[in-house]
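A short worksheet on the structure shown next.
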Amino acid sequence: MNALTLWFHKIGSPPTFYRIAGALAPWCYGIALLLGLVALYGGLVLAPRDYQQGDAYRIIFIHVPCAWMSLFAYFFMAANAFVALVWRIKLSEILAMASAPIGAAFTFITLVTGSLWGKPMWGTWWTWDARLTSELVLLFLYFGVMGLYAAIEDRRQAARAAGFLALIGIVNLPIVHFSVNWWNTLHQGSTVRLMGPSKIDSAMIWPLLTMALATHIWFFGSVLARTRIGLLELDAGKDWVRKIALDQQRA
Amino acid sequence: MSSGSTLAACSALVRRDLTLVWRRRGDALNPILFALIVIALFPLALGPEPQQLQRIAAGVVFVALLLAGLLALDTLFRSDYEDGSLEQLVLSSHPLSLLLACKIAVHWLTTALPLIVVAPLLGELLHLADSVRWVLVAALLLATPLLSLIGAVCVALTVGMHRSGMLLALLVLPLYVPVLIFGAGACNAAQIGLPYLAPLLWLAAALVLALVLAPLACAAALRISLS
Amino acid sequence: MPPISDTSHDFHDRPPLLEARGLAFARNDEPIFGPLDFSLHAGEVALIEGDNGAGKTTLLRVLSGLLAPSSGEIRLRGEPLTLARLSPQVALLSHQAGLKHELTALENLRFAAGLHGQRKGLSPMTALAGVGLDGYADVPTRQLSAGQKKRVALARVLLAPVALWLLDEPYANLDLDGIKLVNRLLERHANGGGTALITSHGAYAYTSGTPRRIPLRPGIGHRQSAIETAAEQVR
Numbered sequence: 006m007n008a009l010t011l012w013f014h015k016i017g018s019p020p021t022f023y024r025i026a027g028a029l030a031p032w033c034y035g036i037a038l039l040l041g042l043v044a045l046y047g048g049l050v051l052a053p054r055d056y057q058q059g060d061a062y063r064i065i066f067i068h069v070p071c072a073w074m075s076l077f078a079y080f081f082m083a084a085n086a087f088v089a090l091v092w093r094i095k096l097s098e099i100l101a102m103a104s105a106p107i108g109a110a111f112t113f114i115t116l117v118t119g120s121l122w123g124k125p126m127w128g129t130w131w132t133w134d135a136r137l138t139s140e141l142v143l144l145f146l147y148f149g150v151m152g153l154y155a156a157i158e159d160r161r162q163a164a165r166a167a168g169f170l171a172l173i174g175i176v177n178l179p180i181v182h183f184s185v186n187w188w189n190t191l192h193q194g195s196t197v198r199l200m201g202p203s204k205i206d207s208a209m210i211w212p213l214l215t216m217a218l219a220t221h222i223w224f225f226g227s228v229l230a231r232t233r234i235g236l237l238e239l240d241a242g243k244d245w246v247r248k249i250a251l252d253q254q255r256a
Numbered sequence: 194m195s196s197g198s199t200l201a202a203c204s205a206l207v208r209r210d211l212t213l214v215w216r217r218r219g220d221a222l223n224p225i226l227f228a229l230i231v232i233a234l235f236p237l238a239l240g241p242e243p244q245q246l247q248r249i250a251a252g253v254v255f256v257a258l259l260l261a262g263l264l265a266l267d268t269l270f271r272s273d274y275e276d277g278s279l280e281q282l283v284l285s286s287h288p289l290s291l292l293l294a295c296k297i298a299v300h301w302l303t304t305a306l307p308l309i310v311v312a313p314l315l316g317e318l319l320h321l322a323d324s325v326r327w328v329l330v331a332a333l334l335l336a337t338p339l340l341s342l343i344g345a346v347c348v349a350l351t352v353g354m355h356r357s358g359m360l361l362a363l364l365v366l367p368l369y370v371p372v373l374i375f376g377a378g379a380c381n382a383a384q385i386g387l388p389y390l391a392p393l394l395w396l397a398a399a400l401v402l403a404l405v406l407a408p409l410a411c412a413a414a415l416r417i418s419l420s
Numbered sequence: 010m011p012p013i014s015d016t017s018h019d020f021h022d023r024p025p026l027l028e029a030r031g032l033a034f035a036r037n038d039e040p041i042f043g044p045l046d047f048s049l050h051a052g053e054v055a056l057i058e059g060d061n062g063a064g065k066t067t068l069l070r071v072l073s074g075l076l077a078p079s080s081g082e083i084r085l086r087g088e089p090l091t092l093a094r095l096s097p098q099v100a101l102l103s104h105q106a107g108l109k110h111e112l113t114a115l116e117n118l119r120f121a122a123g124l125h126g127q128r129k130g131l132s133p134m135t136a137l138a139g140v141g142l143d144g145y146a147d148v149p150t151r152q153l154s155a156g157q158k159k160r161v162a163l164a165r166v167l168l169a170p171v172a173l174w175l176l177d178e179p180y181a182n183l184d185l186d187g188i189k190l191v192n193r194l195l196e197r198h199a200n201g202g203g204t205a206l207i208t209s210h211g212a213y214a215y216t217s218g219t220p221r222r223i224p225l226r227p228g229i230g231h232r233q234s235a236i237e238t239a240a241e242q243v244r
């Protein structure tokens with residue numbers, strides 16, 4: 006066994022991962038919060054007004070990073086589900102299932118901010134725009150994975166079944182995107198493009214990227230925290246969990 | 194000792210499932226009645242103006258058939274799971290995916306095909322345009338096997354649960370979105386005089402892909418659920 | 010055709026028909042049974058003994074290949090096996106009989122014969138007669154009593170061209186005649202070089218010959234050695 010696999014095995018063992026995740030998660034939250042505040046200041050205060058959309062466009066500093074995250078979380082979930090199904094690694098099962106609600110939350114924020122943005126732009130809270138529709142389907146896919154995971158009694162079997170569904174979803178996702186785009190052109194001719202090919206001012210781009218970085222780090226902090234809880238639940242009968250419980254009781 | 198050929202196993206399975214449907218032939222009418230009632234609700238809700246109904250006819254028929262198919266999905270593995278014959282299928286020495294493909298085929302033949310046969314009549318209730326009728330039938334012929342195949346994978350994932358109806362809808366419907374878009378889209382394109390062949394070809398391509406992959410995925414999902 | 014009396018000695022020279030090495034199954038990291046070591050030669054019938062929840066049914070499902078063991082291995086005729094190699098060799102009788110109520114007894118068996126194949130010299134009809142159900146061929150399974158359904162399920166096992174029978178509670182729901190029938194079937198199967206593993210609460214033990222006993226107890230740790238000594242004692 007080479008050093009890398011050994012390292013993976015060590016990290017992958019629940020007690021070790023629990024400890025490392027416990028140490029990392031607060032840092033993730035802290036850095037993400039800091040970066041997020043910087044990005045918000047840059048986006049809401051420093052960035053110039055858009056000549057067409059006025060101040061309304063500033064919601065992209067939330068909307069766009071969340072939209073990226075909604076996809077990123079799904080890929081992260083599917084990749085972990087794949088590892089879990091092929092190599093039957095318990096940690097990957099929990100990582101995949103931990104990322105589902107976070108991804109769903111990002112998708113939900115994307116939809117809400119999209120609809121908030123839609124009000125000044127299109128005059129309605131909701132429009133069947135191709136991107137919003139795809140996001141909506143993505144949200145349903147997340148709900149399906151979470152629902153299936155919650156419905157099966159045996160936790161590991163539940164994680165495997167939900168992970169399998171996540172993998173079917175990942176095949177479906179590009180098809181949904183493609184079909185919704187086709188549907189959109191059939192019904193609306195040309196749609197209003199939110200993010201045109203026009204150049205974006207660099208004063209707008211850096212807060213956007215900073216916010217994207219912040220959401221990624223927040224995502225990992227949140228996944229780590231949720232995975233810790235998942236590990237505790239799954240290994241509730243194991244010695245290392247009992248030891249943690251006893252230590253906490255003593256403290 | 195002879196363990197029998199795979200062909201014999203498949204034909205035995207097809208014959209058994211067809212016999213079962215025949216013995217319970219009263220149930221086979223239920224999806225059609227359901228679709229009919231759903232269709233009847235639309236004029237009641239929207240008013241009887243023919244122009245308005247004609248505009249939405251193809252889409253409504255499509256959605257009604259999709260929902261009827263969704264309700265029928267539950268019967269795919271339910272009784273086999275409860276009486277233990279699903280276990281026997283898994284234990285047989287023949288490829289599980291092939292056996293499941295046979296089951297799905299019989300299920301499609303007995304639940305979806307009757308719906309497609311009555312689809313033009315259902316369309317007539319909503320004043321479906323003449324130019325759209327056969328496009329609708331063609332779209333349904335390509336789309337419903339896809340729906341059955343995709344649905345079967347999700348049913349396999351929920352097979353051990355007692356009340357899986359709502360959950361099954363939650364799992365299945367997002368996966369049905371592209372099929373619905375292309376199927377109903379072809380009808381809408383035909384209605385407004387646009388070329389409708391492309392979405393039908395997309396459906397056909399997806400069907401070929403699903404015919405190969407879905408039984409394999411279904412077998413894998415079933416093994417997860419039965420473990 | 011060798012004389013019947015020789016067969017049992019003959020079979021012992023070959024590798025055991027079924028062998029479990031350190032076989033264990035855990036659900037959610039909760040051990041259900043094992044680690045378990047035993048071997049069964051052709052011509053042997055073993056009784057899996059244990060209280061409710063000791064994992065008898067689970068053991069049979071693992072041995073049939075429906076469940077993957079969490080550790081250990083199963084060998085068939087000396088070779089480690091995969092599900093693909095296993096399934097043509099076992100017949101499982103579980104709590105759910107696997108019968109369709111809308112079909113007649115004969116139709117159910119015909120389907121089983123199509124799915125699993127059939128033993129040389131047997132047909133669905135003769136298998137039905139073999140479990141004492143001649144005359145019931147065309148009765149819908151729905152109208153059969155619980156004991157009669159059990160007999161149909163036994164006929165399915167009898168019909169399957171396999172050496173290894175895994176029977177979960179074969180005596181349940183059966184009357185005295187039925188219990189004798191099961192024992193007779195087991196005896197004939199063993200004499201023909203087959204092997205059977207059966208579970209039972211112990212009330213109606215397999216009486217003919219001296220069945221091997223494989224005790225199952227919940228819990229782990231000391232169990233391995235306990236089972237090994239128990240197995241030694243039986244030998």
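Protein chains in written order, with my numbering: chain A, 6 to 256; chain B, 194 to 420; chain C, 10 to 244.
Glycine included, every Cβ here is placed at the ideal spot set by N, Cα and C.
Nothing here was measured: the structure is a model prediction, and the numbers come from that model.
Here C/Ala155 is exposed, its C-beta having fewer than 16 other C-beta atoms within 10 Å.
Within 8 angstroms of the CB of A/Val228, no CB atom of chain B is found; the nearest one sits about 23 angstroms away. In this structure, DSSP gives A/Trp133 a state outside helix and strand, which the three-state scheme calls coil. In the structure shown, C/Asp143 adopts coil according to DSSP, grouped into three states. For C/Thr67, DSSP records no beta bridge to any residue.
Every alpha helix (DSSP H) of 4 residues or more that sits fully in the region 336-414 of chain B is shown, in chain order, as 358-384. Contact with chain A is found for B/Leu366, since one of that chain's Cβ atoms lies less than 8 angstroms from the residue's Cβ. Distance check between A/Ala101 and each of A/Ser18, A/Trp32, A/Tyr147, A/Leu40 places A/Tyr147 closest, using alpha-carbon atoms only.
DSSP places C/Asp46 inside the beta strand (DSSP E), whose first and last residues are 39-49. At least one CB atom of chain A sits nearer than 8 angstroms to the CB of B/Ser420. In this chain, the alpha helix (DSSP H) harbouring A/Pro106 covers 95-127. Contact between B/Val214 and B/Thr337 does not hold, since their C-beta atoms are separated by about 17 angstroms, which reaches or exceeds 8 angstroms. The beta carbon of A/Gly226 sits closer than 7 angstroms to the beta carbons of Ala30, Cys33, Tyr34, Ala37 from its chain, once the five residues preceding and following it are set aside; these are given in chain order.
A/Glu98 places its beta carbon less than 8 angstroms from that of A/Gly168. If the five residues before and after A/Met216 are omitted, its C-beta is found closer than 6 angstroms to the C-beta atoms of Ala44, Phe66, Pro70, all from its own chain and listed in chain order. The beta carbon of C/Ser103 falls within 8 angstroms of a beta carbon belonging to chain B, placing the residue at that interface. For C/Val171, the secondary structure class from DSSP, reduced to helix, strand or coil, is coil.
Within the DSSP bridge table, the entry for A/Asp60 names no partner.
For B/Gln281, the closest Cβ of chain C is nearer than 8 angstroms. Contact with chain B is found for A/Asn177, since one of that chain's Cβ atoms lies less than 8 angstroms from the residue's Cβ. Using a Cβ-Cβ cut-off of 8 angstroms, A/Ala61 is close to nothing in chain B; its nearest Cβ partner there is about 30 angstroms away. Residues of the region 250-263 of chain B whose Cβ lies closer than 7 angstroms to any Cβ of chain A: none. For B/Ser290, the closest of B/Pro392, B/Leu206, B/Asp267 by C-alpha to C-alpha distance is B/Leu206. In the structure shown, C/Thr208 falls within a strand segment according to DSSP collapsed to helix, strand and coil.
Excluding the 5 residues flanking it on each side, B/Leu319 has same chain C-beta neighbours closer than 8 angstroms at Ile232, Phe235, Pro236, Leu246, Gln247, Ile249, Ala250, Val253, Val254, in chain order. Only residues of its own chain outside the window of five on either side were considered, and among them Ile343 have a CB closer than 6 angstroms to the CB of B/Leu368, listed in chain order.
Across the set B/Leu292, B/Gly240, B/Ala298, B/Leu258, the C-alpha of B/Ala298 shows the shortest separation from the C-alpha of B/Leu400. Apart from sequence neighbours up to five positions away, the residues of its chain that approach C/Pro24 with a beta-carbon distance below 6 angstroms are Arg86, Gly87, ordered along the chain. Exclusion of the five residues before and after A/Val246 leaves Leu237, Asp240 as the residues of its chain whose Cβ lies within less than 6 angstroms of its Cβ.
In the structure shown, A/Arg255 falls within a helical segment according to DSSP collapsed to helix, strand and coil. Setting aside the 5 residues that flank it on each side, A/Ala219 is surrounded in the same chain by Ala37, Leu40, Gly41, Ala44, each with a C-beta closer than 7 angstroms to its C-beta; the list follows chain order. In summary, no residue of the region 302-331 of chain B has a CB separated from any CB of chain C by less than 7 angstroms. For the C-beta of C/Asn37, the chain A residues within less than 8 angstroms are, from N- to C-terminus, Asp159, Arg160, Arg161, Leu239. A distance of 8 angstroms or more separates the beta carbons of A/Ile234 and B/Val346. Residue state for C/Glu178 is assigned as coil, using DSSP reduced to three classes. The continuous beta strand (DSSP E) containing C/Ser80 extends over residues 80-85.
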